[in-house]
Every structure is written in structure tokens, then in C-alpha cells.
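Novice: Take a look at this one; I'll ask things after.
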Amino acid sequence: MRVALDVPLAGPFDYRVPDSLSAVKGQRVLVPFGRRELIGVVLDTPEQPSYPEEQVKDILMVFDDLPALSQDWLDFGLFAASYYHRPVGEVLLPSMPSALRKPGSYTGKLSKGGPVARLDRKKKNMKPLEPGQEERHVLNPEQQQAVDAILAQKSFKTVLLHGVTGSGKTEVYLNVALDVLNKGRQVLFLVPEINLTPQFEQALLARFQQVVGVNGIAVMHSGLSDGERLKAWVAIQRNEARIVLGTRMAIFAPLQEAGLIIVDEEHDASYKQQEGLRYSARDLAVWRAHQLDIPVVLGSATPSLESWQHAQSGRYLKLTLKQRAKTTYMPVIKLIDTKKIQLEQGFAPEVLQAINERLERGEQSLVFINRRGYAPVIHCASCGWMSQCPRCSVYTVLHRMPGYGNVLQCHHCGYYGRVPVKCPDCGNQDLEMLGRGTQRVEEFLQEAFPQACVERIDADSTRLKGSARELFDRVHSGEIDILVGTQMVAKGHDFRKLSLVCVLNADAMLFSSDFRAPEKLFAQLAQVSGRAGRHVAGGEVLVQTGYPDQPVY
């Protein structure tokens, strides 16, 4: 048989099945590999090996604790390996929970020519996610037309659902998913970031718990523990989970009866894996839907240029939601030319006044700055020295960390270093902090509005497990008055009391060397603007820029 192994060699590798064992394609097996024993996946069972028989080793064990992985899942992995030029074992095995690919981590039932042994793992006492309160929505004509058009696709078709922020794309997803679930099929729902999964899971539980049961939804993302990820994988492979919700890694879920794939915020760069197997989950979703002959829905208020071109050329079916689903209007967007005014800690007077007005009305404000940390760089005014990472020459960012004080961190490679007390080049002790990040903005707002509850949501403040959900729950409950955030809060969230969005330093990406910089900036501004006025009238977006005449604005 031919076995895929998680090793940096082309593979697959030939092994012999002894008479005491039997194995089929898609099963996991334990095999000798050099001086090690590795778990692999059977890809094929040819009658003749590719090498002389005396060179072929016997497999050691067959794992039959789970159903064999389907042929279409194996074919999907083979395609990804070929398309992205990676050994097939480095595609299939890393997509599985670590407990299923490490000898001794999880065995379940083992076949080894003798009696079946079973290892029962102790279950953790985990607090289940409470279903959200279901709101009965009556679809407006645009939404109903979109639902009907998607349900009319009985085979493979890529559908681009282009709807303005707040237009009710999620409601379209849910109505289409209900039809698929009622036919006994599974639905794969992809979101770009981990922090979006709790609210989507609550919405799915509220709408579909009676259809799929409390355990019928499996969540897959990198923030899960090994045990949680194993539980989700097993539920999917055993066809117990009818809905799979996850980030880009969920595209490799071992679906048994897939009927629909939904990719929300399809333009988001988070769908691209940049380490190990470098892939685009959105592109793989389209290929997998083609392979399974099912529809795939790509939703976004700011579609990627590739998807937009495919829709314009007729390759994708384009559906448009032009109006917000609620009775509220789109927010008013105003550009503030920072070259003509004096800023206070990076804030225009008009922005500070607008925040104060929202506080008086009991409404929430979002201050968006897509740069975490306290200051982007430490600078010596005497000789021009700037703090750089010794590993990769990227500027290091000043962070204020509780218990550690001030540290310099490289956001590219993860390097940490001490803040120098003097310039390493000229000895000048008067070092300056240039620019501002979320920590510095939060500090200023707490001083400027001491009566308000100011909180920061970025990768630093949500590092601990469950902290992001706790912070977003506080936003939804109205406890937080002013929210300072990065791109984590720019998309997918529905803040009922938020009426003002302030964008600081919008020009940061304008002159980037990335050829997609204008596209990314436009998408970012459109997405974060969509958080304002979704449930309250008078939504307003204030964008500070030094280049208001740039075409992207």
C-alpha cells in the first residue's frame, strides 16, 4: 500500500500489509520510517509495489477507531499538494488533530492481530456555549431574491454575494443553509478570524439547534485545545456534525455529505496561510465545491478584485444587496484633512467633540487604528537612529506589558528586546517615541474622558483564551463606551449601540510597497465604516487623512 507521511519528502511511501492485518484507503496506519515510527494515511492499495519487495517494510498497526477518510477528501489533499507544490503528507497529516497523527496520543480501537483494545479519554468539564436569542427576520425583496437564486443552483456554481455592510448577508446564508440541512446535507461555514466564531456559533445554535441538535455544530480553528479539536474532527468524520464553522483550517474538514460551502468576508487576507503549506482557503473552497458538485457562496461588502472580475465576466453568479436590511441608513462619511489643523495626541478636535457627543447620548464610539502597541518606533533625534529588529531589520514596536514594563517587539518575527536607555550609536539619552499604537491611544482617551469606559481590543489584549469573547460581550451589553481596536473589530461584528467610527492615521497603508495596498485600504475603510449606525440613526464615520484627494478616498 502507499502511505502519506508528514515528512519533507515527496512520497507517498510503499509498505506491505502483513497477513494478520487489513487496511483500506483512508485509514490511518503506524509504519516504521528510519528509526522512527510514524502515523500515516493510506492513499492507495496497488497490487504491486514501486520498489523491490525486499526493500518494502511491513506496517505495524491499523487504526480503525474512526471511519476511513473519504476518497474525495484524499483527492482534495492530493490536489492541494500538487497545486501548492508540497508533499502530500505535509498537506493531509497537519490538517488533522495532533492526537490522530502522533503515536500514543490517541488510540481508540487498534487492530494489531489480537483483541481490540479501547482507550477512553477523560472528558473535560467545559461550559457549553449558550444559544443566542433568535430573532425572526422577514427577508426583504433583495434578500429573498438572493436566497432563491442560490437555491436554484442544483450543482456546482460559485456565487458572489455582494452586499453593503448591514445588508443582511448572514440572514441569506442562514436561509440557504436551512434548506440544505433539511435535505440531510452538511454545511461548511468559513469566517476569516477566530474572534468571529462565537457570535456566528450563537446565531447558528439559535436558528438550527432544533434541526441539528445541540452537538450538531462543530467549530474548527487554531485557538482550540488538542482535545477540542479532536472532538470536532471526530464528530465531522463520523457525520455527527451537520454544520462546520471555522477559520481557514476548516476547509480541510473531513465532510461526509457536504451540500454547501459559505465563505464570509471572502476578500480577507486571513484566508491565506503564510507558513508551512501556503494556501488560500477561499480558492480551495471553490475547488472543493467543484469537486463535490455543490454551490459555494462568497460573501463580502468589498469583494476581492479577482472575485469581482470573475463576476463581471460571468464566471461567477453575482448577487447584490444594495440596501441595509434594517430601517437605518448608511453612515455619513467625512474626511478630515489633518494638514490644516492642530492635532491633540493624534486626534482632531472635531473627532474628540464627536466622541463626547456620543457619550452624552449614551451611544458607543469606535476608534480604529490598525497598529497595535504603544509606539511604532523609538527614534534618536540626535543621529537619526531607529530601533530595528536584529533578526530581520524591521522596526521594533514599543509595547507596555503588565509585569514586564516597556519592551521592544518585532511584529514580523516575534523578537523581544529591552528598551535602550540611550542611543546605541551616539549615546544620546533623549530618545523619542514616534507615532502611536492602540495602547497609546487607549491611554490618552482614558485621560481625556475619565468618566467613560475605554477598552482596547487587539491581538495583545485578547491573547488569553476566552478574553476576546469576554470583551465583545461587554461591548454588546453596552458596558464599554469607547472601543479602541485594530482590524479585529473592523468586520463581521454587529454593535447595536455604536454610532460613531473614528479612523486615525488612515494613510498608513496608502504608500505601502504592497501592490494590493489601495485595494486593502479601501476594503478596510469600507468594512470598519460599516460598524457605525447599524441599529441607531445618525451613524457617522470620521476619517483623518493628510491626503484627502487620493482616489481611494
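The numbering used here runs 2 ahead of the 1-based position in the sequence shown. Each residue gets a CB set at the ideal place from its N, CA and C atoms; glycine is no exception.
If you draw a straight line from the C-alpha of glycine 115 to the C-alpha of aspartate 475, how long is it?
Specialist: Locating residue 115 in the sequence shown gives position 113, where the first residue counts as 1. Locating residue 475 in the sequence shown gives position 473, where the first residue counts as 1. With a pLDDT of 41 at glycine 115, under the threshold of 50, the predicted position of this residue should be treated as unreliable, though the coordinate-derived value follows. If I take the Cα positions, the gap works out to 53 Å.
Novice: Strictly by DSSP, which residues pair up with tyrosine 17?
Specialist: Here residue 17 refers to the residue found at position 15 of the sequence shown. Note: tyrosine 17 sits in a beta bridge opposite Lys59.
Novice: Look up arginine 2 in the DSSP assignment and say whether it is helix, strand or coil.
Specialist: The structure shown does not extend to residue 2, since the chain spans only 3 to 555, so no value can be given for it.
Novice: Compute the beta-carbon to beta-carbon distance between tyrosine 417 and valine 409, rounded to the nearest angstrom, for a pair I have assumed lies under 8 Å.
Specialist: Against the sequence shown, residue 417 aligns to sequence position 415. Against the sequence shown, residue 409 aligns to sequence position 407. Tyrosine 417 to valine 409, Cβ: 10 Å. No contact.
Novice: Using a threshold of 8 Å, state whether the C-beta atoms of histidine 223 and glycine 248 are closer than that.
Specialist: Position 221 of the sequence shown, counted from the first residue, corresponds to residue 223. Position 246 of the sequence shown, counted from the first residue, corresponds to residue 248. Yes, these two residues count as a Cβ contact at 8 Å.
Novice: Go to leucine 400, then tell me how far its alpha helix (DSSP H) extends in each direction, as first and last residue.
Specialist: As a first step, residue 400 must be located in the sequence shown, where it is residue number 398. No alpha helix (DSSP H) holds leucine 400; the beta strand (DSSP E) holding it covers 399–403.
Novice: Kindly confirm or deny that the segment 44–57 and the segment 232–242 touch, where touching means at least three C-beta pairs closer than 8 Å.
Specialist: no
Novice: Taking the beta carbon of histidine 381 as the centre, do at least 16 other beta carbons fall within 10 Å, making it buried, or is it exposed?
Specialist: On the sequence shown, residue 381 is found 379 positions in, with the first residue counted as 1. The residue in question, histidine 381, is buried, as its Cβ has 16 or more Cβ neighbours within 10 Å.
Novice: If we count the other Cβ atoms within 10 Å of its Cβ and call it buried at 16 or more, is tyrosine 406 buried or exposed?
Specialist: Mapped onto the sequence shown, residue 406 falls at position 404. Label assigned to tyrosine 406: exposed.
Novice: List the endpoints of the continuous alpha helix (DSSP H) containing alanine 450.
Specialist: Position 448 of the sequence shown, counting from 1, holds the residue named residue 450. Residues 440–450.
Novice: Between the C-alpha atoms of alanine 119 and leucine 102, what's the straight-line distance to the nearest angstrom?
Specialist: The residue given as residue 119 occupies position 117 in the sequence shown. The residue given as residue 102 occupies position 100 in the sequence shown. Caution applies to alanine 119, whose pLDDT of 36 falls short of 50 and renders its modelled position unreliable; the value that the coordinates give is listed next. In a straight line, the C-alpha of alanine 119 is about 16 Å away from that of leucine 102.
Novice: Cutting at 8 Å between CB atoms, please list the residues of its own chain near glutamate 173, excluding the five before and the five after it.
Specialist: Counting from one through the sequence shown, the residue named residue 173 turns up at place 171. Correct list, in chain order: His139, Leu141, Gln145 and Ala327.
Novice: What is the rounded straight-line gap between the Cα of leucine 500 and the Cα of isoleucine 253?
Specialist: The residue given as residue 500 occupies position 498 in the sequence shown. The residue given as residue 253 occupies position 251 in the sequence shown. Looking at the two C-alpha atoms, the distance is approximately 33 Å.
Novice: Within the segment 270–331, note down every full alpha helix (DSSP H) run reaching 4 residues or more, in order along the chain.
Specialist: 283–294 and 307–314
Novice: What did DSSP end up calling glutamate 359 once you bin it into helix, strand or coil?
Specialist: One-based indexing of the sequence shown puts residue 359 at position 357. Correct three-state label for glutamate 359: helix.
Novice: Classify arginine 403 as buried or exposed, calling it buried when 16 or more other Cβ atoms lie within 10 Å of its own Cβ.
Specialist: In the sequence shown, counting from the first residue as 1, residue 403 sits at position 401. A quick correction: the sequence has methionine, not arginine, at residue 403. Label assigned to methionine 403: exposed.
Novice: Between leucine 361 and the rest of its own chain, which residues show a CB-CB distance below 7 Å, the 5 nearest in sequence each way excluded?
Specialist: Residue numbering aside, residue 361 sits at position 359 when the sequence shown is read from its first letter. Cβ neighbours of leucine 361 beyond the five flanking positions: Phe451, Ala454 and Asp483.
Novice: Going by DSSP, what residue range makes up the alpha helix (DSSP H) through alanine 220?
Specialist: Translated into positions along the sequence shown, residue 220 becomes position 218. For alanine 220, no alpha helix (DSSP H) run applies; the uninterrupted beta strand (DSSP E) run containing it begins and ends at 219–222, by DSSP.
Novice: Output needed for leucine 337: all residues of its chain with C-beta closer than 7 Å, excluding positions within five of it in sequence on either side, in chain order.
Specialist: Taking the first residue of the sequence shown as 1, we reach residue 337 at position 335. Hits under 7 Å: Val545, Thr547, Pro550 and Tyr555.
Novice: Can you pull the DSSP bridge partners for leucine 368?
Specialist: Position 366 of the sequence shown, counting from 1, holds the residue named residue 368. Answer is Leu485 and Val503, bridged to leucine 368.
Novice: Should phenylalanine 517 go down as buried or exposed, given a rule of 16 or more other Cβ atoms within 10 Å for buried?
Specialist: Position 515 of the sequence shown, counting from 1, holds the residue named residue 517. Within a 10 Å sphere around the beta-carbon of phenylalanine 517 sit fewer than 16 other beta-carbons, which makes this residue exposed.
Novice: Which same chain residues end up closer than 6 Å to aspartate 427 when comparing Cβ atoms and leaving out the 5 residues on each side of it in sequence?
Specialist: Here residue 427 corresponds to residue number 425 of the sequence shown, with the count starting at 1. Around aspartate 427: Cys385 and Trp387.
Novice: Measuring alpha carbon to alpha carbon, tell me which residue in Gln441, Phe524, Gly487 and Gly535 is nearest proline 553.
Specialist: Numbered from its first residue, the sequence shown carries residue 553 at position 551. Minimum Cα distance to proline 553 is reached at Phe524.
Novice: State the DSSP-derived secondary structure class of aspartate 462, mapped to helix, strand or coil.
Specialist: Locating residue 462 in the sequence shown gives position 460, counting from the first residue. Aspartate 462 falls in the coil class under three-state DSSP.
Novice: Could you tell me the distance, in whole angstroms, from the CA atom of arginine 284 to the CA atom of glycine 165?
Specialist: Sequence index remark: in the sequence shown, residue 284 carries index 282 (1-based). Sequence index remark: in the sequence shown, residue 165 carries index 163 (1-based). Taking the straight line joining both Cα atoms gives about 18 Å.
Novice: Using a threshold of 8 Å, state whether the C-beta atoms of glycine 301 and arginine 438 are closer than that.
Specialist: To locate residue 301, count along the sequence shown from 1; it is residue 299. To locate residue 438, count along the sequence shown from 1; it is residue 436. For glycine 301 and arginine 438, no; Cβs fall outside 8 Å.
Novice: In the DSSP assignment, find the alpha helix (DSSP H) that holds valine 213 and state where it starts and stops.
Specialist: Along the sequence shown, read from residue 1 onward, the residue named residue 213 stands at position 211. It spans 199–214 - the alpha helix (DSSP H) in which valine 213 sits, taken as one unbroken run.
Novice: For my contact list, proline 297 and lysine 159 are in at a C-beta cut-off of 8 Å; report their separation, rounded to the angstrom.
Specialist: For the purposes of this step, residue 297 is identified with residue 295 of the sequence shown, where counting begins at 1. For the purposes of this step, residue 159 is identified with residue 157 of the sequence shown, where counting begins at 1. That belief holds up - the Cβ atoms of proline 297 and lysine 159 are roughly 5 Å apart, short of 8 Å.
Novice: In this structure, how does DSSP classify lysine 233 when only helix, strand and coil are distinguished?
Specialist: Counted from its first residue, the sequence shown places residue 233 at position 231. Three-state result, lysine 233: helix.
Novice: Where leucine 368 and alanine 377 are concerned, what is the direct C-alpha to C-alpha distance, given to the nearest angstrom?
Specialist: Locating residue 368 in the sequence shown gives position 366, where the first residue counts as 1. Locating residue 377 in the sequence shown gives position 375, where the first residue counts as 1. Rounded to the nearest angstrom, the two C-alpha atoms are 20 Å apart.
Novice: Can glycine 532 and glycine 168 be called in contact, C-beta distance under 8 Å?
Specialist: Counting from 1 along the sequence shown, the entry for residue 532 is found at position 530. Counting from 1 along the sequence shown, the entry for residue 168 is found at position 166. In this structure, glycine 532 sits near glycine 168, with a CB-CB distance shorter than 8 Å.
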